[in-house]
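Peer 1:
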Amino acid sequence: MADLQKMTIATARDALRKGDFTSLELTESYLDASSSAAALNAYIAHTPDLARDQAKAADARISSGDAPSMCGIPLGIKDLFCTRDVQTQAASAILEGFRPPYESTTTQQLWDAGAVMLGKLNMDEFAMGSSNETSTYGPAVSPWRRADGGNTDLTPGGSSGGSASAVSADLCVAATGTDTGGSIRQPAAFTGIVGVKPTYGRVSRWGIVAFASSLDQAGPMTKTVRDAAIMLEAMAGHDPKDSTSAPMPVPDFEAALTGDIRGKTIGIPKEYRLEGMPQEIETLWADGTAMLRDAGARIVDISLPHTKYALPAYYVIAPAEASSNLARYDGVRYGHRATLSQGEGVTEMYERTRAEGFGKEVQRRIMIGAYVLSAGYYDAYYKRAQKVRTLIKQDFERVFADGIDAILTPATPSASFGIGEMADADPIKMYLNDVFTVTVNLAGLPGISVPTGLDSQGLPLGLQLIGQPWGEAEMLNTAYALEKAAGFAHYAPKWW
Amino acid sequence: MSIDKDTARRVAHLARIEVAEDALEGLAAELSGILGFMEQLMEVDVDGVEPMTSVTPLDLPRRADQVTDGNKQADILRNAPDAREGFFAVPKVVE
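Chain order of the listed sequences is P and Y. The numbers in the working numbering rise by one with no breaks, and the one at position 125 of the first sequence is 1395. The numbers in the working numbering rise by one with no breaks, and the one at position 26 of the second sequence is 1245.
Here it is, written out as structure tokens:
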């Protein structure tokens, strides 16, 4: 039998259809791998019984000749997705014990396509963080280590850190992630995998624990661009239960992967060249640009003048939306409730429940959100940030109208860092992780992170392609050409 | 804009998060740091710019005003920390 590890969706799909192995065999192999990787802390819950039932059902479907691409493929699911009767906590203590009586639309679509759930994946609490360190379960750990002979645990990034760690360490064939400011693309870049943030409205948000509703999008985290195309197609589509879900047809993304990008115009935005950016990132970006040029694309220098203001605008808008969305965690309907003393009432219940249940970073963001929305400050902060958001979107509209097909940027300003290394840093320093990705969420655009190289310490680095709205197919094809040219074929040596 | 201890106390209450009196100074300093970072937005000329209300140009859809779901009392109460006789139970609100 074939090696059941290091599978991609595409190779597993083809082998399952040929009958080389069954989904149950594949699933058992991944259940073994995921249950013997506690050192990575990528899974916060395993669902082996459910996985075996789904695998058997997939095998029956495959043998009857009805096998969608995701049929029989073992996946990990970020803890932000509500999964029926399965622990769903958004990695927060405030949702302790929550078992949703419903399923998110996106995961339901994956199960309808025959996919198999191995378990739930670690993340930053409520998706707020860039290193997985805000999780109530403790940080997920990257399978990658610095080539210095040491054994420092590195972050897989965040917020979808468990997803990145699990895909990179081959603890699942692929995983779901969500991205509000870079939470799919930054961890993908840190761990040498592919991550897609779709156009806002492409994937239903229904049943995904909300962080910042105008920015949140779910997407696939996979080993290859082809897998991302296959999985995105299964996740995407109109959902009447999400009023911001677009009633648009979903293209055959995999069919778009021709690798032919001759005549395409790629923009290189000068504002993404940051002062003090490591030379390695500059080189990676220049190499990627050369790869696309060699593949026949036309390279054009462009300007996105409001880039600098994206991060401060994001850190007004996202906390404002979060303070509203997270108001529902009040100790009444689900999750944790604080114990009260004699004579204390409902206000003490709310305030103590939230103080005990939310971690420090989440509390900080809720309070910032409450402040920027409060009387007297709304115009100065929130309304101004929404105006800046309009300007950021117009920057992109202008370059697309000028004939730019896609934009190439670094995915992150550095490679992965050690867990705990930022503990004493100012919160702003952590926020800078999203400096290249956050503009895409503010403008509602699709973005993809593709691994294209290693740094001097042997750690993965990624480039980001930004596509036109609803242009995922073309963006994926450009990413496919970049992936082929870069030929990133590195795996973290197993130590866990 | 710098946040003082009283403002921090007010913001914590607005957010319904209990913060001990001796933690307020630290909180105020932390929030001030973050707001300082946001001050950059004041440099941008936003005259005549519309604040964004929707990132995609789609109109919010309407649907017929019909009941599409319901009769799930047990499901709804299932995760409650304290549910009694078909209700969510909370501490006494009025004397």
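Where is the CB? At the ideal position from N, CA and C, for every residue including glycine.
Would you identify the three-state DSSP class for LEU1746 (chain P), choosing helix, strand or coil?
Peer 2: helix
Peer 1: What's the gap between the Cα of VAL1708 (chain P) and the Cα of LEU1581 (chain P)?
Peer 2: VAL1708 (chain P) and LEU1581 (chain P) have their C-alpha atoms roughly 7 Å apart.
Peer 1: Where do the N-terminal and C-terminal ends of the alpha helix (DSSP H) with GLY1267 (chain Y) fall, by residue?
Peer 2: Taken as a continuous stretch (DSSP letters only), GLY1267 (chain Y) belongs to no alpha helix (DSSP H), as it is neither H nor E.
Peer 1: Report the start-end ranges of each beta strand (DSSP E) in the segment 1361 to 1401 of chain P that is 3 residues or longer and not cut off at the edges.
Peer 2: 1386 to 1391
Peer 1: Taking the alpha carbon of GLY1267 (chain Y) as the reference point, which residue from P:CYS1341, P:LEU1388, P:LYS1653 has its own alpha carbon closest?
Peer 2: P:LYS1653
Peer 1: Alpha carbon to alpha carbon, how far is ILE1364 (chain P) from VAL1570 (chain P)?
Peer 2: 49 Å
Peer 1: Identify the continuous alpha helix (DSSP H) that holds MET1257 (chain Y) and give its terminal residues.
Peer 2: 1243 to 1257
Peer 1: For PRO1579 (chain P), which residues from the same chain have a beta carbon less than 6 Å from its beta carbon, with the 5 sequence-adjacent residues on both sides left out?
Peer 2: Per the sequence presented here, residue 1579 (chain P) reads as Tyr, with Pro not at that position. Cβ within range, chain order: VAL1658.
Peer 1: Within its chain, find whatever has a CB closer than 8 Å to the CB of ASP1512 (chain P); leave out the 5 residues flanking it on each side and keep chain order.
Peer 2: Excluding positions up to five away in sequence, the list reads THR1375, SER1474, ARG1475, TRP1476.
Peer 1: Based on Cα-Cα distance, which residue from P:THR1617, P:GLY1690, P:ASP1725 lies nearest to VAL1411 (chain P)?
Peer 2: P:GLY1690
Peer 1: Going by C-alpha to C-alpha distance, which of P:LEU1678, P:GLY1419, P:ALA1303, P:ALA1309 sits closest to THR1748 (chain P)?
Peer 2: P:LEU1678
Peer 1: Looking at the secondary structure, which residues open and close the alpha helix (DSSP H) in which VAL1230 (chain Y) lies?
Peer 2: 1224 to 1233
Peer 1: Looking at the C-beta of ARG1228 (chain Y), does it have a partner C-beta in chain P at a distance below 8 Å?
Peer 2: no
Peer 1: Hey, GLY1717 (chain P) and LYS1467 (chain P): beta-carbon distance below 8 Å or not?
Peer 2: yes
Peer 1: By the three-class DSSP mapping on this structure, what secondary structure does VAL1479 (chain P) have?
Peer 2: coil
Peer 1: Roughly how many angstroms lie between the CA atoms of GLN1357 (chain P) and ARG1472 (chain P), to the nearest whole one?
Peer 2: 26 Å
Peer 1: From the DSSP output, in three-state form, read off GLY1763 (chain P) for me.
Peer 2: Gly is not the amino acid found at residue 1763 (chain P); the sequence shown has Pro there. In this structure, PRO1763 (chain P) counts as coil in the three-state DSSP scheme.
Peer 1: To which residues does DSSP link GLN1734 (chain P) through a beta bridge?
Peer 2: P:THR1679, P:SER1719
Peer 1: Against LYS1224 (chain Y), what residues of chain P qualify as contacts under a CB-to-CB distance less than 7 Å, listed in chain order?
Peer 2: By Cβ distance, chain P contributes nothing, its closest Cβ being about 14 Å from LYS1224 (chain Y), past 7 Å.
Peer 1: Residues in its own chain within less than 6 Å of GLY1507 (chain P) by CB, not counting five upstream and five downstream?
Peer 2: VAL1520
Peer 1: Between VAL1710 (chain P) and ASP1294 (chain Y), what straight-line distance do the alpha-carbon atoms span, to the nearest angstrom?
Peer 2: 38 Å
Peer 1: Along the alpha helix (DSSP H) that carries LYS1630 (chain P), what are the first and last residues, could you check?
Peer 2: Per DSSP, LYS1630 (chain P) belongs to the alpha helix (DSSP H) from 1630 to 1643.
Peer 1: How would you call TRP1414 (chain P), buried or exposed, if buried means at least 16 neighbouring beta carbons within 10 angstroms?
Peer 2: buried
Peer 1: Smallest Cα separation from GLY1757 (chain P): which of P:ASP1557, P:TRP1765, P:ALA1592?
Peer 2: P:ASP1557
Peer 1: Taking 8 Å as the threshold (beta carbon to beta carbon), is GLY1245 (chain Y) in contact with chain P?
Peer 2: no
Peer 1: Would you mind working out which of P:ARG1369, P:VAL1602, P:TYR1313 sits nearest LYS1311 (chain Y), comparing C-alpha positions?
Peer 2: P:VAL1602
Peer 1: Does the distance from the CB of ALA1526 (chain P) to the CB of ALA1755 (chain P) come in under 8 Å?
Peer 2: The answer is no: Cβ separation not under 8 Å.
Peer 1: So ASP1394 (chain P) and GLY1428 (chain P) are in contact, right, with Cβ under 8 Å, and what is the actual spacing, rounded?
Peer 2: Rounded to whole angstroms, the Cβ separation of ASP1394 (chain P) and GLY1428 (chain P) is 4 Å, and the two are in contact under 8 Å.
Peer 1: When you compare only the Cα positions, how much space is there between LYS1764 (chain P) and LEU1574 (chain P)?
Peer 2: C-alpha separation (whole angstroms): 42 Å.
Peer 1: Who are the neighbours of THR1577 (chain P) on chain Y, taking C-beta pairs under 7 Å?
Peer 2: Within 7 Å Cβ-Cβ: nothing; THR1577 (chain P) doesn't reach chain Y, min ~12 Å.
Peer 1: Return the residues of the segment 1529 to 1560 of chain P that lie within a Cβ-Cβ distance of less than 7 Å from chain Y, sorted by chain order.
Peer 2: Under the 7 Å Cβ criterion, the segment 1529 to 1560 of chain P contributes no residue.
Peer 1: Leaving aside the five residues before and after THR1623 (chain P) along the sequence, list all residues of the same chain whose C-beta is less than 8 Å from its C-beta, in chain order.
Peer 2: ILE1364, TYR1599, ASP1600, GLY1601, HIS1606, ARG1607, ALA1608
Peer 1: Please report the straight-line C-alpha distance between MET1271 (chain P) and ASP1290 (chain P), rounded to a whole angstrom.
Peer 2: Summary for MET1271 (chain P): the model assigns pLDDT 47, below 50, so the residue's position carries little reliability, and this model does not support an answer.
Peer 1: When Cβ atoms are compared, which residues of the segment 1277 to 1288 of chain Y fall closer than 8 Å to chain P?
Peer 2: LEU1277, LEU1279, PRO1280, ARG1282
Peer 1: Which of the three DSSP states, helix, strand or coil, is assigned to GLN1656 (chain P)?
Peer 2: helix
Peer 1: Going by alpha carbons, who is nearest to SER1251 (chain Y) out of P:ASP1696, P:MET1561, P:SER1306?
Peer 2: P:ASP1696
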